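In what follows, a single structure is set out as structure tokens and then discussed.
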Amino acid sequence: MTNLLKEVGRGKRGARDLCYDEALLAADAILDLKATPAQIGAFFIAERIKMESVEEIEAFVTVCRKHAHRLPIQQGLDCAGPYDGRKKSFFATFPAAFLLATAGLPITLHGAAALPPKWGITLHDLLHESGIDADRLSRDQIVKAAKDTGVLYVPAEEWCPQLRALRSIRIELGMRTVLNTAEKLIDYSHSPFLVFGIYHNTVSARMAQLATNLEYTRALIVQGMEGSEDLFIERPTRTYLVTDGESKLHMIDPDTYGLETPLPKMEWTPAEQLRVSESVLQGRGHLAFVNQVLLNAAVRLQLAEKVESIEEGLYTCKALLDDGAPWELYRKWQNALQAESALPCSS
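Under UniProt numbering, the first residue of the sequence shown carries the number 1, and numbering increases by one thereafter.
Have a look at this one:
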């Protein structure tokens with residue numbers, strides 16, 4: 001580990017990217033906790049200064065996957081949003097998951113308790129507000145609920161314990177590390193389709209190459225709200241469609257589909273996120289949030305080749321939302337996991 005640190009820690013000009021094999025050695029040492037806390041912290045900071053290469057991130061993804069509980073539970077779409085959560089934006093991906101599952105597209109969500117640097121509201125918080133203690137859920141019951149509803153939620157630090165082991169170091173550092181990217185790409189259910197959120201456009205080319213290297217059938221890299229995978233509804237969103245080894249810029253403008261809507265000012269809390277999500281699923285939400293869920297769901301249906309166009313996806317999703325089936329599916333999923341999380345935990 002010391003020799004690897006010398007290569008990445010020579011400063012902005014002197015540091016070099018590790019090759020894939022070297023990065024695998026570093027990832028193994030860190031995730032197996034064979035490196036000391038000082039070495040782990042130094043590596044994370046050096047990488048942050050240098051900026052991680054595609055090969056380095058891929059190596060960390062590979063090692064995370066090796067240690068994670070992964071099963072081909074459902075062949076659908078993996079929604080990879082930031083584990084450090086949100087502070088200023090709506091979790092459209094949460095209600096959209098149940099709309100998409102109703103449309104026949106299985107969805108995988110995953111997350112953990114809040115992390116740096118943002119320390120925002122996470123999916124974990126929404127589940128807790130919904131009466132579900134995600135950290136107490138057994139794998140078997142999570143999988144059963146997914147098979148019954150098409151929505152899989154993975155508590156990442158339970159299914160990949162190495163992430164939990166490194167939490168204290170990440171909290172002490174208080175900044176983004178390579179794990180902030182790698183943990184989103186563990187792909188617990190072997191999904192062929194990926195929607196992946198980024199904050200800065202400067203990383204789009206690297207993330208597109210990474211999605212190709214990881215052999216997703218189709219991926220959408222989204223420069224979304226607070227670095228999430230959610231499209232904006234009040235303005236266009238820059239996205240990159242990755243398919244057949246190529247990445248193409250695709251600006252998605254809600255005004256094109258008659259959906260552009262100003263967002264109301266909100267003071268977001270876990271309770272408010274859940275209330276708005278449930279209102280949308282019940283067909284009585286604020287128009288901005290309803291439209292945002294519809295647009296995100298339609299784009300994801302097209303990404304997964306369930307519809308031929310975003311327009312067709314919108315028509316499909318609007319009809320399903322009006323019918324009430326996504327709300328019924330959500331309640332079925334919620335009831336199953338509420339009952340399970342109240343029981344003694346088992347794996």
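Cβ coordinates follow ideal geometry from the N, Cα and C atoms, glycine included.
What you are looking at is a predicted structure, and each value in this text was computed from that prediction instead of being measured.
Problem set entry | Integer Cβ distance of residue 114 from residue 188, believed to fall under 8 Å | Sequence index remark: in the sequence shown, residue 114 carries index 114 (1-based). Sequence index remark: in the sequence shown, residue 188 carries index 188 (1-based). Cβ atoms of residue 114 and residue 188 stay farther apart than 8 Å, at about 20 Å.
Problem set entry | Alpha carbon of residue 346 to alpha carbon of residue 130, nearest angstrom | As a position in the sequence shown, residue 346 is number 346, starting the count at 1. As a position in the sequence shown, residue 130 is number 130, starting the count at 1. Because residue 346 carries a pLDDT of 44, less than 50, the predicted location of this residue cannot be relied on, and no value is offered for it.
Exercise. If we cut at 7 Å on Cβ distances, does residue 104 have a partner in chain D?
Worked result: In the displayed structure, chain D is absent; only one protein chain is listed.
Problem set entry | N- and C-terminal bounds of the beta strand (DSSP E) containing residue 194 | Taking the first residue of the sequence shown as position 1, residue 194 is located at position 194. For residue 194, the enclosing beta strand (DSSP E) starts and ends at 193-197.
Exercise. How would you write the range of the alpha helix (DSSP H) that residue 78 sits in, first residue to last?
Worked result: Here residue 78 refers to the residue found at position 78 when the sequence shown is read from its first residue. Premise fails: residue 78 lies in the beta strand (DSSP E), 77-80, not in any alpha helix (DSSP H).
Exercise. What are the boundary residues of the alpha helix (DSSP H) that includes residue 293?
Worked result: Counting from 1 along the sequence shown, the entry for residue 293 is found at position 293. From DSSP, the alpha helix (DSSP H) with residue 293 extends over 287-303.
Exercise. Quick one: what does DSSP say residue 101 is sitting in, helix, strand or coil?
Worked result: The residue given as residue 101 occupies position 101 in the sequence shown. Reduced to three states, the DSSP call for residue 101 is helix.
For this session: Find the nearest neighbour of residue 158 within the set 292, 110 and 305, judged by alpha-carbon distance.
Result: The residue given as residue 158 occupies position 158 in the sequence shown. Checked all of 292, 110 and 305; the closest Cα to residue 158 is 110.
Problem set entry | Closest Cα partner of residue 155 within the set 216, 171, 106 and 186 | Here residue 155 refers to the residue found at position 155 when the sequence shown is read from its first residue. The shortest C-alpha separation from residue 155 is found at 186.
Exercise. Roughly how many whole angstroms lie between the Cα atoms of residue 258 and residue 264?
Worked result: As a first step, residue 258 must be located in the sequence shown, where it is residue number 258. As a first step, residue 264 must be located in the sequence shown, where it is residue number 264. It is roughly 18 Å from the alpha-carbon of residue 258 to the alpha-carbon of residue 264.
For this session: Quick one: residues in its chain with C-beta nearer than 6 Å to the C-beta of residue 181, no 5 flanking neighbours on either side, listed in chain order?
Result: One-based indexing of the sequence shown puts residue 181 at position 181. The beta carbon of residue 181 sits closer than 6 Å to those of 57, all from its chain and outside the five residues before and after it, given in chain order.
Exercise. Residue 329 by DSSP, collapsed to three states: which one?
Worked result: Looking up residue 329 in the sequence shown gives position 329. Reduced to three states, the DSSP call for residue 329 is helix.
Problem set entry | Alpha-carbon to alpha-carbon, residue 135 and residue 337 | On the sequence shown, position 337 is the one that residue 337 refers to. On the sequence shown, position 135 is the one that residue 135 refers to. Looking at the backbone, the Cα of residue 337 and that of residue 135 are separated by about 11 Å.
Exercise. Quick check: the stretch 311-320 against the stretch 203-212, are there 3 or more CB pairs under 8 Å?
Worked result: These segments do not touch.
Exercise. How about the stretch 88-95 and the stretch 160-172: do they share at least three Cβ pairs that are nearer than 8 Å?
Worked result: Touching, no, given that fewer than three Cβ pairs across the two stretches are closer than 8 Å.
Problem set entry | Same chain, Cβ closer than 6 Å to residue 223, five either side skipped, listed in chain order | Residue mapping note: residue 223 aligns to position 223 of the sequence shown, counting from 1. Only 198, 201 and 238 meet the Cβ criterion.
Exercise. Can you find at least 3 beta carbon pairs, one from the stretch 281-290 and one from the stretch 324-331, that sit closer than 8 Å?
Worked result: With the cut-off at 8 Å, the stretch 281-290 and the stretch 324-331 touch.
For this session: Measure from the alpha carbon of residue 269 to the alpha carbon of each residue in 303, 86 and 100, then state which is nearest.
Result: For the purposes of this step, residue 269 is taken as residue 269 along the sequence shown, with counting starting at 1. Closest by alpha carbon: 86.
Exercise. Would a C-beta distance cut-off of 7 Å place residue 59 and residue 101 closer than the cut-off?
Worked result: Residue 59 sits at position 59 when you count from the first residue of the sequence shown. Residue 101 sits at position 101 when you count from the first residue of the sequence shown. Residue 101 is positioned such that its CB atom lies no closer than 7 Å to that of residue 59.
Exercise. Who are the Cβ neighbours of residue 10 in its own chain at under 6 Å, not counting the five residues just before and after it?
Worked result: Along the sequence shown, read from residue 1 onward, the residue named residue 10 stands at position 10. The answer is none, since no qualifying residue turns up.
For this session: Please list, in chain order, all residues of the same chain as residue 354 whose beta carbon is under 8 Å from its beta carbon, the five residues on each side excluded.
Result: The question about residue 354 has no answer, for the chain in this structure spans 1 to 347.
For this session: Under 8 Å by Cβ, that's how I've got residue 63 and residue 24 pegged, so tell me the actual separation to the nearest angstrom.
Result: To locate residue 63, count along the sequence shown from 1; it is residue 63. To locate residue 24, count along the sequence shown from 1; it is residue 24. That pair is a contact at about 7 Å.
Exercise. To which residues does DSSP link residue 86 through a beta bridge?
Worked result: In the sequence shown, counting from the first residue as 1, residue 86 sits at position 86. Partner(s): 121.
Problem set entry | Buried or exposed (CB count within 10 angstroms, at least 16 for buried), residue 287 | Reading the sequence shown from its first residue, position 287 is the one you call residue 287. By the neighbour-count rule (16 or more Cβ atoms within 10 Å), residue 287 is not buried but exposed.
Exercise. For residue 190 versus residue 106, is the C-beta distance shorter than 7 Å?
Worked result: Taking the sequence shown and counting its residues from 1, one reaches residue 190 at position 190. Taking the sequence shown and counting its residues from 1, one reaches residue 106 at position 106. No, they are not a contact pair.
For this session: Report yes if the C-beta distance between residue 228 and residue 81 is below 7 Å; otherwise report no.
Result: Position 228 of the sequence shown holds residue 228. Position 81 of the sequence shown holds residue 81. Yes, the Cβ-Cβ distance between residue 228 and residue 81 is below 7 Å.
Exercise. Which same chain residues, not among the five before or five after residue 234, have their C-beta less than 8 Å away from its C-beta?
Worked result: One-based indexing of the sequence shown puts residue 234 at position 234. The answer, listed in chain order, is 254, 260, 261, 262, 263 and 288.
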